[in-house]
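Engineer: If you count by mature numbering (1 follows the signal peptide of the UniProt record, and there is no 0), then the sequence shown holds residues -21 to -1, 1 to 558, one letter each, in order.
Would you mind keeping the following structure in view while I ask a few things?
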Amino acid sequence: MLLSPKKIVLVFFLVAFTALAVSTRQSRTDCQSTCGTVKIEYPFATSSDCVHEEKFLLRCDEEEQKLFLKNSNLEVLRNSFDDGEVEVLVDVISLCNMKGDGGNIILPIEIPGFMFSNKNQLFLVGCNIDTFCIFTMRNGGTTAFTCETQCDSPPPVDKSCSGYNGCCRTSLSNVNSQILINPGNYIGWSSSYSYPCKYVFVVKEGYFVFSVPEDLKNLRNFTRFPVILDWLLSQGTCQQAEDTSFCGENSRCIATNVDECTVNAHSCGKDHSCKNVDGTFRCKKKKEWTTIILVSIIGCLVFLVGVCCVLLKLKLSQLAKLRERRFESNGGVLLAQRLLESPNQCIKIFTEEEIKQATHETSFLGGGGQGVVFRATLPDNVEVAIKRSRNWDPDQAGQFVNEIILLSQINHPNVVRLLGCCLETPSPLLVYEYVPGGTLHDALFDSSLAWSERLRIAAEIAETLSYLHFSAPVSIVHRDIKPENILLTQTLSVKLCDFGASRPVHTRTGQLTTLVQGTWGYLDPEYLRTGTLTEKSDVYSFGVVLELVSGEKALSFNPTRGKGSGQSHRRGTQRKSPE
């Protein structure tokens, strides 16, 4: 039967369109299309000339009529262009007769461009085991799965694989091709001795149904299971595809950029933001401004603390140098040398820090012409009196050191004992024993002071002056004998203090010419006129102090009291002074 010309043209176009439709799936017709019973579909191929990317290259074993992924030697059961997946056989991991931790295991599937399909499940079969798995997700993150199995004896006939019958499982969703497994430890080894093996494997969903007790014994001799892998074409442009065999003569490349970052279209977690790029998407960890601000604040605080530490260190260094300079200018080096030359001297050199810790704001005791006195308590609970000079001249440091050495040699029960000094302060400090009874001036005109006590106090003062003038290692003239410089203990014993104006007197001549210094009214008129200092100057001052015997003030500037004015009263006192 002959066809009309119109029918011949119609058949020709039908054949042409059929060829065009086939060409959209397969770019070339001279490539191998089957291996045994397995059909080879685009983009897979057995020849480098027919494949677009090396990862889709297959190997056909003509003898066994089996198809394998060339780069991994996994046997291929099928491949589908429409589903974008390939089904392969993957070995079962079998661990038998293990005690303790078996170490980490990585499932043998790690092929670039291939990922576990969501149609797979992970099984762990075995008695009394504790295992955890770490999945690498498609977005680059990780997730974990824990499996703990228990087996009764005999095990229940239960196919649920819930963990209580020696089996547990989980679905693989958005998991990459890598799974890290830590087999863990056996729980109760003796109870699992009848089932000494544990098995780990991935299998496509619905293929494996757990069976007790056969699977606990030997997994029914399964050694491999079918696994479905999703494949992904490499990113590229249509120009790149046309330059290769990816698109043939009768095919057309269509490039469409899909925004995978739309709602529920990407696998980025809550802590990541989705960024759309050509052909795919990227997951980027969100900026946590709270963390950034907190880290910035901590960084600033650390920086400020560091700066403060540096400044504090510089300040302490400068303070140490300042104290060292003060120590030298106040005669500290000379004093240290003198103390080394006289090892019997019991003088302690206090630091400024020790003095600050010992004194308080309310510890002021009083002041005189030579300085002010503070009360202090040393760390060993010893109370002391600290005297600070009013007018200090660094040029007198040598003389000051000599006076310290001199005073340290005085050993008399009626003289305030010198304990030490501090030379790190602007003006030197002297540390004396503390006398709690107050001064003679405070008790001088107190009517309750008995006549016998007044005489005893006068005798002790005279005895003390005699010791200073004739019995001390070096004769000393006090130069400022007055009631304010005579302390009383709680038993009314005398303690002579304030040797700031004292001077040693040459033993042969018994006199010293110096600037007049002392308290007006108690000064020897002869010393006041000539400037010649002798022991008699202290004796004159002592005579004025004998006002304690009468209980009347020797110096009075009240014109209504005594003989006329205070000036005539003072002159009368001068006429009675000893020679």
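Quick reminder that beta carbons are idealized off the backbone N, C-alpha and C, glycines included.
Note that the coordinates shown come from a computational prediction; the quantities given were computed from them, not determined experimentally.
1) Starting from cysteine 288, trace the beta strand (DSSP E) in both directions and tell me its first and last residue.
2) By the DSSP assignment, the alpha helix (DSSP H) with alanine 451 in it spans what residues?
3) Between the C-alpha atoms of proline 407 and arginine 317, what's the straight-line distance to the nearest angstrom?
4) Quick one: what's got a C-beta closer than 6 Å to serine 12's C-beta in the same chain, skipping five residues either side?
5) So for arginine 199, helix, strand or coil by DSSP?
6) Taking C-beta to C-beta, are leucine 475 and asparagine 393 nearer than 8 Å?
7) Taking contact to mean 3 or more Cβ pairs, one atom from each stretch, closer than 8 Å, check whether the segment 369 to 377 and the segment 326 to 333 are in contact.
8) Would the beta-carbon of lysine 196 fall within 8 Å of that of tyrosine 174?
9) Assuming tyrosine 506 is part of the alpha helix (DSSP H), what are its boundary residues?
10) Is the beta carbon of isoleucine 436 closer than 8 Å to that of leucine 527?
11) Comparing C-alpha positions only, which one of Arg369, Ile389 and Ile334 sits nearest to glutamate 362?
12) Could you pull the start and end residues of the beta strand (DSSP E) that glycine 399 belongs to?
13) Nearest to asparagine 370 by CA position, among Lys300, Val484, Val191 and Pro405, is which residue?
14) So, using beta-carbon positions, are proline 162 and threonine 110 closer together than 8 Å?
15) So which of Phe343, Ser387 and Tyr413 has the shortest CA-CA distance to asparagine 360?
16) Taking contact to mean 3 or more Cβ pairs, one atom from each stretch, closer than 8 Å, check whether the segment 140 to 159 and the segment 46 to 66 are in contact.
17) Sort Phe114, Val104 and Leu46 by Cα distance to alanine 123 and report the nearest one.
18) I believe proline 483 touches serine 454 by the beta-carbon criterion, under 8 Å. Please report the beta-carbon distance rounded to the nearest angstrom.
19) Apart from the five residues just before and just after valine 188, which ones in its own chain have a Cβ nearer than 7 Å to its Cβ?
20) Go ahead and pull the three-state DSSP assignment for alanine 441.
21) So within the segment 404 to 438, which uninterrupted alpha helix (DSSP H) runs reach at least 4 residues, ignoring any that extend past its ends?
22) With H, G and I counted as helix, E and B as strand and the rest as coil, what does DSSP make of aspartate 209?
23) Relative to the alpha-carbon of phenylalanine 47, which residue among Arg199, Gly15 and Leu74 has its alpha-carbon at the smallest distance?
24) Who are the near neighbours of glutamate 331 in its chain, counting only those whose CB is closer than 7 Å to its CB and skipping five residues on each side?
25) Can you find the residues in the same chain that come closer than 8 Å, C-beta to C-beta, to leucine 298, ignoring five residues on each side of it along the sequence?
26) State buried or exposed for aspartate 477, treating a residue as buried only when at least 16 other CB atoms are found within 10 Å of its CB.
27) Quick check on the DSSP output: the alpha helix (DSSP H) that includes serine 387 runs from which residue to which?
28) Quick check: the Cα distance between alanine -1 and serine 96, rounded to an integer number of angstroms?
29) Just the Cα atoms here: how many angstroms apart are proline 205 and cysteine 247?
Structural biologist: According to the structure shown:
1) Position 309 of the sequence shown, counted from the first residue, corresponds to residue 288. Here cysteine 288 belongs to no beta strand (DSSP E); instead the alpha helix (DSSP H) covers 268 to 308.
2) Here residue 451 is taken as the residue at index 472 of the sequence shown, counted from 1. No alpha helix (DSSP H) holds alanine 451; DSSP gives it neither H nor E.
3) Sequence index remark: in the sequence shown, residue 407 carries index 428 (1-based). Sequence index remark: in the sequence shown, residue 317 carries index 338 (1-based). C-alpha separation (whole angstroms): 17 Å.
4) Looking up residue 12 in the sequence shown gives position 33. Closer than 6 Å at the Cβ level, and outside the excluded window around serine 12, lie Ile19.
5) Along the sequence shown, read from residue 1 onward, the residue named residue 199 stands at position 220. Helix, per DSSP.
6) Counting from 1 along the sequence shown, the entry for residue 475 is found at position 496. Counting from 1 along the sequence shown, the entry for residue 393 is found at position 414. Yes, Cβ-Cβ distance for leucine 475 and asparagine 393 is below 8 Å.
7) no
8) The residue you call residue 196 lines up with position 217 of the sequence shown. The residue you call residue 174 lines up with position 195 of the sequence shown. Contact: yes.
9) For this step, residue 506 is matched to residue 527 along the sequence shown. Its alpha helix (DSSP H) spans residues 504 to 509.
10) Along the sequence shown, read from residue 1 onward, the residue named residue 527 stands at position 548. Along the sequence shown, read from residue 1 onward, the residue named residue 436 stands at position 457. The answer is yes: Cβ separation under 8 Å.
11) Working through the sequence shown from its first residue, we reach residue 362 at position 383. Ranking the options by Cα distance to glutamate 362, first place goes to Ile334.
12) For the purposes of this step, residue 399 is identified with residue 420 of the sequence shown, where counting begins at 1. Segment 397 to 401, the beta strand (DSSP E) holding glycine 399.
13) The count along the sequence shown starts at 1 and reaches residue 370 at position 391. The residue with the shortest Cα to Cα distance from asparagine 370 is Pro405.
14) Taking the first residue of the sequence shown as 1, we reach residue 162 at position 183. Taking the first residue of the sequence shown as 1, we reach residue 110 at position 131. Yes; because the gap between Cβ atoms is below 8 Å, this pair is in contact.
15) Within the sequence shown, residue 360 is the residue found at index 381, counting from 1. If we check each option's Cα against that of asparagine 360, Tyr413 comes out closest.
16) no
17) Numbered from 1 along the sequence shown, position 144 holds the residue referred to as residue 123. Nearest option by C-alpha distance: Phe114.
18) On the sequence shown, residue 483 is found 504 positions in, with the first residue counted as 1. On the sequence shown, residue 454 is found 475 positions in, with the first residue counted as 1. Proline 483 to serine 454, Cβ: 6 Å. Contact.
19) Here residue 188 corresponds to residue number 209 of the sequence shown, with the count starting at 1. If we look at valine 188 and ignore the five residues flanking it on each side, its Cβ neighbours are Lys138.
20) In the sequence shown, counting from the first residue as 1, residue 441 sits at position 462. In the structure shown, alanine 441 sits in a helix (DSSP, three-state: H, G or I).
21) 419 to 422
22) Within the sequence shown, numbered from 1, the residue matching residue 209 stands at position 230. Aspartate 209: strand per DSSP, three-state reduction.
23) Walking along the sequence shown from the start, residue 47 turns up at place 68. Out of Arg199, Gly15 and Leu74, Gly15 has the C-alpha closest to the C-alpha of phenylalanine 47.
24) One-based indexing of the sequence shown puts residue 331 at position 352. Result list for glutamate 331: Arg302, Cys401, Glu403 and Thr404, in chain order.
25) For the purposes of this step, residue 298 is taken as the residue at position 319 of the sequence shown. Here the set comprises nothing.
26) As a first step, residue 477 must be located in the sequence shown, where it is residue number 498. The residue in question, aspartate 477, is buried, as its Cβ has 16 or more Cβ neighbours within 10 Å.
27) Counting from one through the sequence shown, the residue named residue 387 turns up at place 408. Its alpha helix (DSSP H) spans residues 376 to 387.
28) Locating residue -1 in the sequence shown gives position 21, where the first residue counts as 1. Locating residue 96 in the sequence shown gives position 117, where the first residue counts as 1. Residue confidence for alanine -1 is low, a pLDDT of 42 falling below 50, so the modelled location carries little weight; the figure read from the coordinates is stated next. Put simply, the backbone Cα of alanine -1 is about 28 Å away from that of serine 96.
29) Stepping through the sequence shown from its first residue, residue 205 is reached at position 226. Stepping through the sequence shown from its first residue, residue 247 is reached at position 268. Each residue's alpha carbon lies about 29 Å from the other.
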